[in-house]
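So the sequences go chain by chain: A, B and C. For the first sequence, my numbering gives the first residue as 234, with consecutive numbering after it. For the second sequence, my numbering gives the first residue as 29, with consecutive numbering after it. For the third sequence, my numbering gives the first residue as 92, with consecutive numbering after it. Note that CB positions come from ideal geometry on N, CA and C, so glycine has one too. Reviewing the structure listed below.
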Amino acid sequence: MVDTRKQWKAWLYLSPAIVLLLVFTVWPIFNTIRLSLMEGYNSTMAANPYVDHEFAIGLGNFKRVLEYPNFLTCLKNTVLLCVITVPISTLLALLIAVGLHSIKFLQKPLQTIFFMPYVTNSIAIGMVFAAMFNMVIGGSTRPDSVGIINNLLEALGIDYVNWTNAGSKYWANLVVMVVYIVWNALPFKILVLLGGLQGINKQYYEAARVDGTKKSRVLWKITVPLLSPMLAYVIITGFIGGFKEYSSIVGIFGDTMGPAGNPYRMDTMVGFIYRAIGKQEGTASAAALILFGIIFVVTMINLAVSKKKTHY
Amino acid sequence: MAFKKKEATADLADSSVVMNARNLQQTAARQRISKICGKTLTYTFLLLMALIVIFPFYFMIISSLKTTEEYRRSVPTLFPMEFKFENYLNVFTDKDFQFWVLFRNTVFVGVVSTLLSLVITVFSAFAFARLEFKGKNALFAALLGTMMIPGELFTITNYQTVNDFGWMNSYTVLIVPFLVSVFYIYLLKQNFMQIPNELYLAAKVDGTSDLKYLWKVMIPLALPSLISITILKMMGAWNSYMWPRLVANDSAHKLITNGLRGAAFVDELGNTDYPRQMAAVAVVSLPLFLVFIFLRKYIMKGVSRSGIKG
Amino acid sequence: MKVVLQNLTKIFPSRDKKSNQEVVAVNDFSFEIPDGKLIGLLGPSGCGKSTTLYMISGLQKPTSGKIFFGDDDVTELSTENRGIGLVFQNYALYPHMTVKQNIMFPLENLKGKDKLTKAEKLERAMSAAKLVQIDELMDRKPNELSGGQQQRVAIARALVKMPRVLLLDEPLSNLDARLRLQTREEIRRIQKETGITTVFVTHDQEEAMSISDMIVVMKLGVLQQIGKPQEVYDDPVNLFVAKFLGTPPINVFNGAVKEGKLYIGDAAVLETPGVEDQEVTVGIRPEGFELEADGALECQLSNVEVMGRDVSIVTTHPASCNVTIRSIIDADCKVDVTATSVRYNLKPHKVFIFNKETEERIYF
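Okay, structure coming up:
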C-alpha cells in the first residue's frame, strides 16, 4: 500500500520542478500549437486594447511560412549544412577514433588534443575562425592581409578566396561554416566512438589477423558493424544538432548571419524563429512546429535504418 | 572432399602457402614494410588532424599578442615578433566591452541558477528514485518525452510569458525559466537508484528523517553526478547566447558571450582590431580551458550520455 | 606439418614503470610437435600455455627463440602468413554475420592465385560446416546458437582455409560438463579426419589426457614433461607433474629412505634399491594401494565410498601431506566398514619418490 503521508511528501518535493515545468515547458507546447493555428497572430496586435482583434483559426501560418522566401533560404541552409557536415564529421571522427585506438605512443596527448574543442564557447571560437578566414581590406587592389587560411592556400599555390568579406560567394560562406561546424562536432563523436571501440572484444581483431584480413576490410567489415550502435547514436544526435544550427553562424558572421552587404544569407531555421519572436508569433510557432516535425521525421528514419543495420 | 583425406590437405597446404627459404625472407620483409607504412600513415593522419584541431587555439593566442600592424602584414608571422600584452590589459579596461560588468553578471547568474537548480534537481530525483506515489511512472515518462522537443519551440511562448510577468531585463529572467532540466533529474535519479534501497530502509528503521538521509547518504554517494551538473550549469551560463540576447540585452544584465559578440573592438578607422578581439576571446575561453584541464572527467560523464554540449 | 619450438622465451615488460618487474611468461621452451598429431598444452592458469599458443599463432612475438613449421623458420612471419587456424576461448564469432558469412570470411581474404570464385567459397564453407555438423545452421546468427554450436562454427571457420596447423585456446572451457565430453570427442574425430597438426591449450588434465596424442605439461613458463598421456601419468618426472595428473589426485606423504627401504612413518613399505639414505616425498596413486590383512602401511579408516565399479577408501595417516588419503580398489574386495584402521600393501610401479627440496623424481 502506498502510504498517503509519503504521497503528500513526494508531491511536495516535486512541486518546484512541476510548477516551473508547467509554466515554461508544458504551457509553451500547447500555446505554440494554439498560436500556430491563429492566422497572422502577433502579440502587438493582440495586446492593443483599442482593437478587438479576432484571429481566424486555420493553417495559414504554415502556408505563409513555407511560401516565405526567407524561410526557404533558412531551410536550404539548414539542410545543406546538415547533409554536408554530418557525414564528413562522422567519417573523420571514425577514422580518428580508429587511428587513436590502434596506437600506443602519443595516444594520450593526441586524445587530449582531439577533445579540446569539446569545451568551448561556440560564439567565441567562431570569432577565431572568422578572423582566420577574414581579409583586411586596405587601399590597394590586393587586401592588406588575406587572412591566415588564404596565406596557407597561397603557400600551396592556390589563389586566395574571399571567404566572408563583402562580396563573397555563397559557396565560400558555406565552406567556412562546414569547416567550423565539423571542427566543433568532432570531439563529441570521437569520444563516443572511441568509447565504443574500447568496448569491442580484442579477439575479433585477432581472429581477423589470423585470417590475414586487410586493414580496410577489418574497418568496414568488422569495426563499423560492431560500432554501428555508436555510429547510429552520433549520426542521430548530429542531425538533431544540425537542424538546430544557429550559434556557430552567429559566431562566424555575427547577428546579421551573413557577409557584409548580404545579411541573413546564412540564416537557419532557428535563426528564422528567433527573429520572429516578439513580432510574428504565429509564423514563428508554425516554423518551430515544422522544425520539430523535420527533426522528428529524420530521427525516426535514422532509427528505422539503424535498427535494420545495427541488428545483431 | 579435401577434408576427408590427409594427402589432400597436405597438398593444399603446400600449394596455398608455398614456403621456401627465399620466399620466407621476402614475406617477412614485405610484412615489415607494410607494417611500417601502416603506422606512418596512421601517425601522419592523426598528427595532421591534431594540427587542424589545435590550430585555431594557437592562432587565437599568437594573434592576441601581436600588434595590429603585425597582424595585418600580408606575409603572416607564426609567432609574435614583439609581445603586446596591452591587448589583454585592454580587455579589462575597454569601455565598450565592459568585461567586469559582464563577468559579474555571468558569475552571479551562473551561481544562483546552479544552486537553485541543484536543490530542485535533488528533491525531484529523490522523489522519483525513492518515494512511491500514484502516477510516478507516467509523470516520469512525460518528463522524458519533453526532452525530444527542440528548445526553440518553448522560447516563443516563454518570451511572451516573461514579458507578461514584467521580468524583461532582469536577473530573474536569466535564471528562472531554465532552472528545471529533465536531463539532470534523469541523470541524478539513475545515480540515486544505484544506491541500494536497503540503506533507505535501514535509515527509516533507525528513525532517520528523509532530509537527513538525503543529506548524509544520498548526496555524498551521488557527488560525482552533482559535480557534473554544477559544471554543466555553470558552463551553460558562461556560453548562453540566444535567450539572454532576447530578454536581457541591456548593459546592466548582459552576459559575457553576448558582450563578446556585441563588442566592436575597432580602431579609429572603424576596422576590426583583431589582436584586441582575440585577446578578449582568449580571456573568455580561459575558464573553459581550466574546466577542460581539471574537471574533464565530470563533463565527459554527463555529456557523453546526453549528446548535449555544455 | 611438424612444428618445432626452439628455446622459446617470452618476457612481458612490467605493467607499472616503477617496480620494473618483468614477467617471464615462457622460459626457454623447446619441443617438437610431430606431423598430424593432437597435442595438449597443459598446466595451471598462468603457466604460459596460452602465451605459447599465441606465439605459435604469430599473434605474439617471442622475446627470443625460434619457431619452425616443417623446415620453415616462421619466427619473423606475422600471423596471416603462417597459414594457421585459431579457435578462441570465447570463439570470437562476428556477431553481425551469419554462420555462413563467418565461415566464409577467411576465404574472402585470399589474394592472387589463391582467390576463389563465389561457388568455390560456398563449397568450401559447406564442406567445413558438414565436417563439424552444423550445415543445418548456416543462416543463423551466432547469438541464436548454443555454446556447443558456436564452438563448432569457430572450428569450421578455422578449418575452412585448410590451415597447416590448427590451434585451440581452451576450446571447451565455456561449455557445460555434458557438452564438454561430447565436444572433445568431436575435436578428436575432426582432427583425425583432417590430419591437421593440432595444438590445444587446457587447464583440465582429464580433457588433455583423454584426447591428446601427446601432452605437454607446463609450470610457471617452464616445460615440465612431454609424452604420451599414459606415459606421463605412469612416469612423472617430478612432484608437480605427478600431482597435476590424475583424478582423484595422487596421495603425497613425507617419507624417508633408509638402507634401501622406503619408510612412511615407522613402516617400511617398499624396497628401493640403490637410493641413498635421505628424507623424501612419496607419491602414491590411488590405484596403487592393495588391501591386505598384513599390509605394511596402516591407515586410520574414516570413510568408504562405493561407486559401482570400484570402492574408494578414505583414510588418514600422520605422515600424509593431505588431510585424507584416497585409495581406489576393486569393488570385489570387501572392506570392513566398522574397523578403525586398514592395512595396505603398495604396488611398486604406482609409487614415486621425490627429492624433498628439488621435488625431482628419484628413480629406483
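Decide yes or no for the touch test of the segment 86-93 of chain B against the segment 294-308 of chain B: beta carbon pairs closer than 8 angstroms, at least 3 of them. Verdict: yes, contact present.
Where A:S480 and C:H187 are concerned, what is the direct C-alpha to C-alpha distance, given to the nearest angstrom? In a straight line, the C-alpha of A:S480 is about 40 angstroms away from that of C:H187.
Taking 8 angstroms as the CB-CB cut-off, is B:D238 touching chain A? Chain A contact via Cβ: present.
What span of residues does the beta strand (DSSP E) with C:G318 cover, start to end? V313 to G318
So what's C:R269 in DSSP terms, helix, strand or just coil? When DSSP states are grouped into helix, strand and coil, C:R269 belongs to the helix group.
Assuming contact is defined by CB atoms lying nearer than 8 angstroms, are C:L437 and C:I375 in contact in what I supplied? yes
Using a beta-carbon distance below 8 angstroms, is A:P342 in contact with chain C? Not closer than 8 angstroms to any Cβ of chain C, the Cβ of A:P342 fails to qualify, so no.
In the segment 217-288 of chain B, which residue ranges form an unbroken alpha helix (DSSP H) of at least 4 residues, counting only runs that do not cross its ends? Here the runs fully enclosed are 225-233, 238-241, 251-267 and 270-275.
Could you tell me whether the Cβ atoms of C:V373 and C:L353 are closer together than 8 angstroms? Going by C-beta atoms, C:V373 is nearer than 8 angstroms to C:L353.
Buried versus exposed call for A:G526 [16 or more other C-beta atoms within 10 Å across all chains shown]: Flag for A:G526 reads exposed.
Are there 16 or more other CB atoms within 10 angstroms of the CB of C:I444, so buried, or fewer, so exposed? For C:I444, the number of other beta carbons within 10 angstroms of its own is at least 16, and it is reported as buried.
Span of the alpha helix (DSSP H), counted from its first residue to its last, around A:K296: Start and end: G293 to E300.
What is the DSSP secondary structure of C:T100, counted as helix, strand or coil? C:T100 falls in the strand class under three-state DSSP.
Enclosing beta strand (DSSP E) for A:Y403 [first to last residue]: In the DSSP assignment, A:Y403 falls outside any beta strand (DSSP E) and within the unbroken alpha helix (DSSP H) covering Y403 to Q431.
Tell me, please, whether the CB atom of A:T446 is closer than 8 angstroms to any CB atom in chain C? yes
Leaving out five residues on either side along the sequence, give the residues of the same chain with a beta carbon under 6 angstroms from the beta carbon of B:K261. T142 and S145
How would you label C:P197, buried or exposed, when you count the other beta carbons within 10 angstroms and need 16 or more for buried? Buried.
Is there a C-beta anywhere in chain A that falls below 8 angstroms from the one on B:V119? no
Please identify the residue among C:V308, C:V165 and C:D304 whose C-alpha is closest to the C-alpha of C:T293. C:V308
Contact criterion: CB-CB distance below 8 angstroms. Does B:V294 meet it with respect to chain A? no
Starting from the Cα of B:L347, find the closest Cα among A:R297, A:I317, A:F338 and A:K448 and give me that residue. Residue 347 of chain B is absent from the model: chain B starts at 29 and stops at 338.
Per DSSP, what kind of secondary structure is A:M234 in: helix, strand or coil? With a pLDDT of 41 at A:M234, under the threshold of 50, the predicted position of this residue should be treated as unreliable, though the coordinate-derived value follows. Reduced to three states, the DSSP call for A:M234 is coil.
Based on the DSSP output, what are the partners of C:A358 in its beta bridges? C:I355
Taking Cβ-Cβ distances shorter than 8 angstroms, what residues in chain A pair up with B:S313? T353, N354, A357 and I358
Given this structure, state the Cα-to-Cα distance separating B:T37 from C:T100, to the nearest angstrom. Note that B:T37 scores a pLDDT of 43, beneath 50, so its modelled location is shaky; the value from the coordinates is reported in the next line. Taking the Cα positions, B:T37 is about 31 angstroms away from C:T100.
Can you give the Cα-Cα distance for B:Q126 and B:F120, rounded to whole angstroms? 7 angstroms
What is the rounded straight-line gap between the Cα of C:A430 and the Cα of C:L133? Roughly 41 angstroms separates the two Cα atoms.
Check the Cβ of B:Q59 against every Cβ in chain A and list those closer than 7 angstroms, keeping chain order. Simply none; closest approach about 10 angstroms.
Determine the direct distance from the alpha carbon of A:N354 to that of A:V256, and round the result to whole angstroms. 29 angstroms
Considering A:D488, what are the terminal residues of the alpha helix (DSSP H) in which it resides? Looking at the DSSP string, A:D488 is not in any alpha helix (DSSP H), and its letter there is neither H nor E.
Below 6 angstroms CB to CB, which residues in the same chain sit around A:V235 once its five sequence neighbours on both sides are set aside? Because the pLDDT at A:V235 is just 47, under 50, the model does not fix this residue reliably, and the value given afterwards should be weighed accordingly. Sequence-distant partners of A:V235 (beyond 5 residues in either direction) whose C-beta falls short of 6 angstroms from its own C-beta are missing from its chain.
Which whole-angstrom value is the C-beta distance of B:L283 and B:L130, which I expect to be below 8 angstroms? Confirmed, Cβ separation roughly 7 angstroms.
Could you work out which residues of chain A lie near B:T285, taking near to mean beta carbons separated by less than 8 angstroms? Under the 8 angstroms cutoff, chain A gives N354, I356 and A357.
Separation of B:Y116 from B:I336, as counted between CA atoms: Residue confidence is low: B:I336 scores 41 on pLDDT, short of 50, so the model does not pin down where it sits. No coordinate-derived value is stated.
Got a sec, what are the start and stop residues for the alpha helix (DSSP H) C:V165 sits in? Element bounds for C:V165: n/a, residue is neither H nor E.
Could you tell me the boundaries of the alpha helix (DSSP H) in which C:S264 lies? Looking at the DSSP string, C:S264 is not in any alpha helix (DSSP H), and its letter there is neither H nor E.
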